[in-house]
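Undergrad: The sequence shown begins at 22 in my numbering and counts up by one. For each residue, glycine too, the CB sits at the ideal point set by N, CA and C. Small disclaimer: the values here were computed from a predicted structure and weren't measured.
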Amino acid sequence: MIIMHKIGVVGDKDSVLAFKALGIEVFPVIEKEEARKTVDKLALTGYGVIFVTEQVAKDIEETIERYNKQLLPAVILIPSNQGTLNIGMQRISDNVEKAVGVNILSD
Numbered sequence: 022m023i024i025m026h027k028i029g030v031v032g033d034k035d036s037v038l039a040f041k042a043l044g045i046e047v048f049p050v051i052e053k054e055e056a057r058k059t060v061d062k063l064a065l066t067g068y069g070v071i072f073v074t075e076q077v078a079k080d081i082e083e084t085i086e087r088y089n090k091q092l093l094p095a096v097i098l099i100p101s102n103q104g105t106l107n108i109g110m111q112r113i114s115d116n117v118e119k120a121v122g123v124n125i126l127s128d
């Protein structure tokens, strides 16, 4: 039996609307508390992947960290339409270093 998980994107309206064209559910948020509640709600309602813009993620770090300790949902940080804060790439680099023992992604 195959279990299908939903995919959602949380962030400012201008950054997330483009994902709607790909068939991904979008959840525009403005305030920190609204973002935290939205991520928690998605995690509890069958979303397997939650993309969060870096600008939103920096305000809800404790929520993001809580889900990093679980298999699902996968919370993945993405740049917003205003550019990147390099938080997402830093997290990937840190996880690779933890798994491999050295940072194989550095220049």
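DSSP three-state label for residue 92, please.
TA: DSSP places residue 92 in coil when its eight states are reduced to three.
Undergrad: Taking the continuous beta strand (DSSP E) assigned at residue 74, which residues delimit it?
TA: Looking at the DSSP string, the run of the beta strand (DSSP E) that includes residue 74 is 68-74.
Undergrad: Three or more C-beta pairs closer than 8 Å, one from the segment 81-90 and one from the segment 36-44: is that the case here?
TA: No, the segment 81-90 is not in contact with the segment 36-44.
Undergrad: Helix, strand or coil for residue 79? Go by DSSP, reduced to three states.
TA: Three-state result, residue 79: coil.
Undergrad: In or out: residue 29 buried (at least 16 other Cβ within 10 Å) or exposed?
TA: The residue in question, residue 29, is buried, as its Cβ has 16 or more Cβ neighbours within 10 Å.
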